[in-house]
Amino acid sequence: AAPDQSALDRPVAISNWASGATRRVERKPDRRDPGEVGLRRPPGPCDRQQLLCQHRRRAPAAVTEVARSRSTSQLLLLACALALSTGCEAIYQVQSDYLYQPQHASSEVPPLPEGAERWWLEVEGGQVEAWVLPPLGPTAAPTLDSPRRATGAVVFAHGNRERIETWSEELLPYREMGLAVLLPEYRSYGSSGGTPSEAAIVADFAHFVDRLSDRPDIDPTRLVFHGRSLGGGVVGALSTERRCAALILESTFTNVPDMGSRFMAPAGIFRDRFDTRAVLLRGYTPTLILHGTEDVTIPFQHALELRRRAWDSRLVAFHAGHGDLPRGRRYWDAIRAHLESAGVIR
Numbered sequence: 026a027a028p029d030q031s032a033l034d035r036p037v038a039i040s041n042w043a044s045g046a047t048r049r050v051e052r053k054p055d056r057r058d059p060g061e062v063g064l065r066r067p068p069g070p071c072d073r074q075q076l077l078c079q080h081r082r083r084a085p086a087a088v089t090e091v092a093r094s095r096s097t098s099q100l101l102l103l104a105c106a107l108a109l110s111t112g113c114e115a116i117y118q119v120q121s122d123y124l125y126q127p128q129h130a131s132s133e134v135p136p137l138p139e140g141a142e143r144w145w146l147e148v149e150g151g152q153v154e155a156w157v158l159p160p161l162g163p164t165a166a167p168t169l170d171s172p173r174r175a176t177g178a179v180v181f182a183h184g185n186r187e188r189i190e191t192w193s194e195e196l197l198p199y200r201e202m203g204l205a206v207l208l209p210e211y212r213s214y215g216s217s218g219g220t221p222s223e224a225a226i227v228a229d230f231a232h233f234v235d236r237l238s239d240r241p242d243i244d245p246t247r248l249v250f251h252g253r254s255l256g257g258g259v260v261g262a263l264s265t266e267r268r269c270a271a272l273i274l275e276s277t278f279t280n281v282p283d284m285g286s287r288f289m290a291p292a293g294i295f296r297d298r299f300d301t302r303a304v305l306l307r308g309y310t311p312t313l314i315l316h317g318t319e320d321v322t323i324p325f326q327h328a329l330e331l332r333r334r335a336w337d338s339r340l341v342a343f344h345a346g347h348g349d350l351p352r353g354r355r356y357w358d359a360i361r362a363h364l365e366s367a368g369v370i371r
């Protein structure tokens, strides 16, 4: 009779097992069935780890896809960051072009008024100019009792599309009150070089104020900061860096973001803010606000808001627009009363 094949196989397997042959000889369980262990011992921790590693090795394509996806995400994030950075710089440039609108001087250097001085400050990109106009009248002349009689001074900041030389005649009444007048220029305006920014302009003004205050004929406790339009934001920011006895804001905005909100511009995009409202909130300087009720460039509402926020202020309204505020008797009477109240005029 033909031998039982299963019986013939069994002794061989036992004999091989008993003879100490390597385990590679015995039948291995099907790896597709992890529960079948045959004659092998139950899998230990090392076997489980090996099985896990074998499972991982069976999916190299998946691992490659994960790495490729991660690299793609990083590239997308980098591209978005670069696009955002480029967009912000473009926004800042548009803001700068809107906020600063310089009027350049002619090729000839404008002549100084009689008795005036011209100062220069070296900055990155050129020089910044400033004029110092001396006081007029009897209070300006030294006497035997007071040979170095000190006077107060007005620091004036003009608006856009203007230059300091256009204001020398307009500000003559200040000099007739016995006050000196300091006219610093903005960077890139008039004969000045450089690039304008809030930080740069305020730093330039502070430098010229310090130079003026060091003069023996100037009383640094009787300084007046007067700003028109953009200049109101400048002197407001300056008042946080240098002390003044009185502040005059003419046709001035609350801050740049409030102006930008008229064009649906988010407040966070503005690098130069000129936040005069915040300055008035935390300051105690006597403030005179002059504004036209028909102003469409900087609406009259800005003046009302500044008046509401200021600790010690007076608002004088004129039936006028932005650039045609009448500088007649009512205008100068309001200024004189303000300076007398602040102790600038004695």
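Heads up: the sequence shown at position 117 corresponds to 142 in this note's numbering, and the numbers run straight through without jumps.
Where a beta carbon is used, it is the ideal one built from N, C-alpha and C, also for glycine.
Practice problem: Within 10 angstroms of the Cβ of T312, are there 16 or more other Cβ atoms? Answer buried if so, exposed if not. | Solution: Buried: at least 16 other Cβ atoms inside 10 Å.
Practice problem: Go ahead and label Y214 buried or exposed: buried means 16 or more other beta carbons lie within 10 angstroms of its beta carbon, across all protein chains shown. | Solution: Result: buried.
Practice problem: May I ask you to verify whether the region 294-306 touches the region 239-250, counting CB pairs closer than 8 Å and requiring at least 3? | Solution: These segments do not touch.
Self-check item: Segments of 3+ residues assigned as beta strand (DSSP E) that fall wholly inside the region 226-307
Solution: The DSSP assignment places 243-253 and 271-275 as complete runs of the beta strand (DSSP E) inside the region 226-307, in order along the chain (cut-off: 3 residues).
Quiz prompt | CB of V321 within 7 Å of CB of R267, strictly | solution = No Cβ-Cβ contact shorter than 7 Å links V321 with R267.
Exercise. Rank I323, L158 and D229 by C-alpha distance to the C-alpha of L197 and give the top, closest one.
Key: If we check each option's Cα against that of L197, L158 comes out closest.
Quiz item: What do you get for P324, buried or exposed, if any count of 16 or more other CB atoms within 10 angstroms of its CB means buried?
Solution: The residue is buried, with at least 16 neighbouring Cβ atoms inside 10 Å.
Quiz item: So what does V157 bridge to, in DSSP terms?
Solution: Answer by DSSP bridge pairing, in chain order: E142 and L207.
Quiz item: Per DSSP, what kind of secondary structure is A46 in: helix, strand or coil?
Solution: Reliability fails at A46, whose pLDDT of 48 lies under 50, so the model's placement of it is uncertain and no value is given.
Exercise. Could you tell me whether the Cβ atoms of W144 and Q152 are closer together than 7 Å?
Key: No; because the gap between Cβ atoms is not below 7 Å, this pair is not in contact.
Quiz item: Could you check where the alpha helix (DSSP H) with S366 kicks off and where it finishes?
Solution: Run containing S366: R354 to A367, per the alpha helix (DSSP H) assignment.
Quiz item: When DSSP labels each residue in this structure, what does A342 get in the three-state scheme?
Solution: When secondary structure is reduced to three states using DSSP, A342 falls in the strand class.
Exercise. With A335 as the anchor, note down where its beta strand (DSSP E) starts and where it stops.
Key: According to the DSSP assignment, A335 belongs to no beta strand (DSSP E), since it is labelled neither H nor E.
Practice problem: Inspect the beta-carbon positions of P154 and S254 and report whether they are closer than 7 Å. | Solution: Note that residue 154 corresponds to Glu in the displayed sequence, not to Pro. Contact check for E154 against S254 fails: the beta carbons are separated by 7 Å or more.
Quiz item: Is it the case that the Cβ atoms of Y125 and P221 are separated by a distance below 7 Å?
Solution: Yes.
Quiz item: For L315, which of G308, T246, R339 and N280 has the nearest alpha-carbon?
Solution: Ranking G308, T246, R339 and N280 by Cα distance to L315 puts R339 first.
Quiz item: How should T176 be labelled, buried or exposed, when 16 other C-beta atoms within 10 angstroms of its C-beta is the threshold for buried?
Solution: Classified as buried, T176 has 16 or more neighbouring CB atoms from the shown chains inside 10 Å of its CB.
Quiz item: Regarding C269 and the ligand ATP, is the C-beta to nearest heavy atom distance less than 6 Å?
Solution: Among the ligands in the structure shown, none appear at all, so the ligand ATP cannot be discussed.
Practice problem: State the beta-bridge partners of L313 as determined by DSSP. | Solution: According to DSSP, which records beta bridges pairwise, L313 is partnered with I273 and R339.
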